[in-house]
Amino acid sequence: MREITPLDLVDDTKETLASYLISKFNHSLKARKDAVDNHYRRWEENYLAKPKVATRTTPFYNASNFVPQLIRMSTDIMHARLMGLLFAPKPFMKPRFLTPDSVITRKHMDALARWFETVVFRGLDLFQAVDLTLHTTVKTGTCLLKAPYVRDPIWVGGALEGADEGKEIKRAGMKLYPVDYDDFWPYPVTAQTLKDVSILFHRVRLTREEVEYRKASRDYNWNAGACDALLMSPS
Numbered sequence: 007m008r009e010i011t012p013l014d015l016v017d018d019t020k021e022t023l024a025s026y027l028i029s030k031f032n033h034s035l036k037a038r039k040d041a042v043d044n045h046y047r048r049w050e051e052n053y054l055a056k057p058k059v060a061t062r063t064t065p066f067y068n069a070s071n072f073v074p075q076l077i078r079m080s081t082d083i084m085h086a087r088l089m090g091l092l093f094a095p096k097p098f099m100k101p102r103f104l105t106p107d108s109v110i111t112r113k114h115m116d117a118l119a120r121w122f123e124t125v126v127f128r129g130l131d132l133f134q135a136v137d138l139t140l141h142t143t144v145k146t147g148t149c150l151l152k153a154p155y156v157r158d159p160i161w162v163g164g165a166l167e168g169a170d171e172g173k174e175i176k177r178a179g180m181k182l183y184p185v186d187y188d189d190f191w192p193y194p195v196t197a198q199t200l201k202d203v204s205i206l207f208h209r210v211r212l213t214r215e216e217v218e219y220r221k222a223s224r225d226y227n228w229n230a231g232a233c234d235a236l237l238m239s240p241s
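According to my numbering, the stretch in the sequence shown is residues 7 to 241, in order.
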């Protein structure tokens with residue numbers, strides 16, 4: 007994968023860029039809050055079968071307000087059917103010849119198909135990523151599936167007595183994970199597809215240890231001051 011070239015910007019240019027992005031983010035935040043956010047919260051509550059009023063005064067005071075979970079049932083059934091349509095057919099991968107006179111044998115193509123499935127289901131964990139994405143989409147109407155190229159550090163300790171204490175292994179590759187609607191803000195909010203979006207603001211949820219690692223690691227090149235401000239944030 008090509009390395010990301012850091013931008014060598016002067017402080018004035020950085021401040022101008024930050025001010026521009028903050029302005030656009032505020033526009034997107036306000037527009038979406040007025041038009042969608044209230045409905046989105048209600049859609050989540052409908053799935054959980056939460057009534058608008060916890061207790062009722064009719065037919066008597068403090069009466070229970072039971073809501074049947076019909077929306078949850080319909081959502082889960084539709085989600086299961088979509089997963090079945092996608093993953094039930096076997097084989098999942100079936101490469102084909104580009105030309106009828108190819109010298110590649112069917113045996114080689116079957117081996118290639120098995121390799122594809124190993125990469126997709128074990129390397130990318132496609133089933134779990136699509137499962138979460140489809141469930142969120144059916145429940146709330148939208149979900150973003152992100153596929154970044156990431157470098158995950160793994161610490162491997164010594165298993166035997168007298169072995170080395172351990173070492174850090176850096177694993178790099180593509181990773182699939184869904185992004186909930188709460189964690190991204192498109193600008194403009196009226197865009198119908200991601201191709202129509204000028205700016206996509208995405209909230210990354212990290213633990214304190216992950217932020218500290220990115221601050222110290224040269225692989226991420228995160229600003230130390232921004233990391234300190236993030237670590238001091240109460241939320």
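Virtual Cβ for every residue (Gly too), placed ideally from N, Cα, C.
As the structure is a prediction and not an experimental result, all values here were calculated from the model.
Which runs of the alpha helix (DSSP H) fall wholly inside the region 72-102 and span at least 4 residues, in chain order? 76-93
| message | Rounding to the nearest angstrom, what Cα-Cα distance links Arg224 and Leu91 in this structure? | response | Residue numbering aside, residue 224 sits at position 218 when the sequence shown is read from its first letter. Residue numbering aside, residue 91 sits at position 85 when the sequence shown is read from its first letter. If I take the Cα positions, the gap works out to 44 Å.
inquiry  = Quick check: the region 203-218 against the region 176-193, are at least 3 beta-carbon pairs closer than 8 Å?
reply    = yes
Alpha carbon to alpha carbon, how far is Thr146 from Gln75? Give it in angstroms, no decimals.
Counting from 1 along the sequence shown, the entry for residue 75 is found at position 69. Counting from 1 along the sequence shown, the entry for residue 146 is found at position 140. Each residue's Cα considered, the two are about 15 Å apart.
*asked:* If I follow the unbroken alpha helix (DSSP H) through Tyr26, where does it start and stop?
replied: Numbered from 1 along the sequence shown, position 20 holds the residue referred to as residue 26. From DSSP, the alpha helix (DSSP H) with Tyr26 extends over 17-38.
Are the Cβ atoms of Tyr193 and Lys30 separated by less than 7 Å? For the purposes of this step, residue 193 is identified with residue 187 of the sequence shown, where counting begins at 1. For the purposes of this step, residue 30 is identified with residue 24 of the sequence shown, where counting begins at 1. Contact flag set, yes.
* If you compare alpha carbons, which of Gly231, His45, Val195 is closest to Ala37? -> The residue labelled residue 37 in the question sits at position 31 within the sequence shown. Of the listed residues, the one whose Cα sits closest to Ala37 is Val195.
Interface flag, Arg214 vs chain B, CB-CB below 7 Å: You won't find chain B in this structure, because it holds only one protein chain.
Could you say which of Pro57, Arg112, Phe66 lies nearest to Lys100 if we only look at CA atoms? Locating residue 100 in the sequence shown gives position 94, counting from the first residue. When each option's Cα is compared against that of Lys100, the closest is Arg112.
With 16 other CB atoms within 10 Å as the buried threshold, where does Leu140 fall?
For the purposes of this step, residue 140 is taken as residue 134 along the sequence shown, with counting starting at 1. By the neighbour-count rule (16 or more Cβ atoms within 10 Å), Leu140 is buried.
Checklist entry - Distance, Cα to Cα, Asn32 vs Val203? => result As a working note, residue 32 is residue 26 in the sequence shown. As a working note, residue 203 is residue 197 in the sequence shown. Straight-line Cα distance between these residues: approximately 15 Å.
- Item | Every unbroken beta strand (DSSP E) within the region 180-206, with a cutoff of 3 residues, ordered by chain | 183-185, 190-193
Discussion item. Measuring alpha carbon to alpha carbon, tell me which residue in Ala119, Val59, Ser34, Ile110 is nearest Phe72.
Written reply: Taking the sequence shown and counting its residues from 1, one reaches residue 72 at position 66. Nearest option by C-alpha distance: Val59.
(Q) Quick check on Lys158: does DSSP put it in helix, strand or coil? (A) Here residue 158 is taken as the residue at index 152 of the sequence shown, counted from 1. Here residue 158 is Asp; the residue named in the question, Lys, does not match the sequence. Strand at Asp158.
Among the residues of its own chain, which have a CB less than 8 Å from the CB of Pro184, if the five just before and after it don't count?
-> In the sequence shown, counting from the first residue as 1, residue 184 sits at position 178. Excluding sequence neighbours, Pro184 sits near Ala135, Leu138, Thr139, Thr142, Cys149, Leu150, Leu151, Lys152.
### Query
Who pairs with Leu151 in a beta bridge, going by DSSP?
Taking the sequence shown and counting its residues from 1, one reaches residue 151 at position 145. Answer by DSSP bridge pairing, in chain order: Pro184.
Which of the three DSSP states is assigned to Ala117 in this structure? The residue you call residue 117 lines up with position 111 of the sequence shown. The answer is helix: DSSP assigns Ala117 an H, G or I state.
Practice prompt. Take Tyr155 as the anchor and find which of Thr11, Glu21, Gly179, Phe133 has the nearest alpha-carbon.
Written response: Start at 1 with the first residue of the sequence shown, and residue 155 comes out as number 149. Ranking the options by Cα distance to Tyr155, first place goes to Gly179.
Check: So the alpha helix (DSSP H) Gly129 belongs to, where does it begin and stop?
Finding: Walking along the sequence shown from the start, residue 129 turns up at place 123. It is not in any alpha helix (DSSP H) - Gly129 carries neither H nor E in the DSSP assignment.
Problem set entry | Nearest-angstrom beta carbon gap, Leu182 and Asp131 [assumed within contact, 8 Å] | Indexing the sequence shown from 1 puts residue 131 at position 125. Indexing the sequence shown from 1 puts residue 182 at position 176. Going by Cβ atoms, the distance from Asp131 to Leu182 rounds to 7 Å, so yes, they are a contact pair.
Which class does Ala222 belong to by DSSP, given the choice of helix, strand or coil?
-> Taking the sequence shown and counting its residues from 1, the one referred to as residue 222 is at position 216. Helix, per DSSP.
task = Could you work out which residue in Asp116, Leu200, Pro97, Thr199 is closest to Phe103 when comparing CA atoms only?
result = Counting from 1 along the sequence shown, the entry for residue 103 is found at position 97. Comparing Cα positions, the closest option is Asp116.
Using the Cα positions of Arg48 and Thr124, report the straight-line distance between them to the nearest angstrom.
Position 42 of the sequence shown holds residue 48. Position 118 of the sequence shown holds residue 124. For Arg48 and Thr124, the distance between alpha carbons rounds to 40 Å.
So, with DSSP's three-state summary, where would you put Arg62?
Taking the first residue of the sequence shown as position 1, residue 62 is located at position 56. Looking at Arg62 - three-state DSSP - the assignment turns out to be strand.
> Residue range of the alpha helix (DSSP H) that Asn229 falls in?
Replying inline: As a position in the sequence shown, residue 229 is number 223, starting the count at 1. From DSSP, Asn229 is part of no alpha helix (DSSP H); its letter is neither H nor E.
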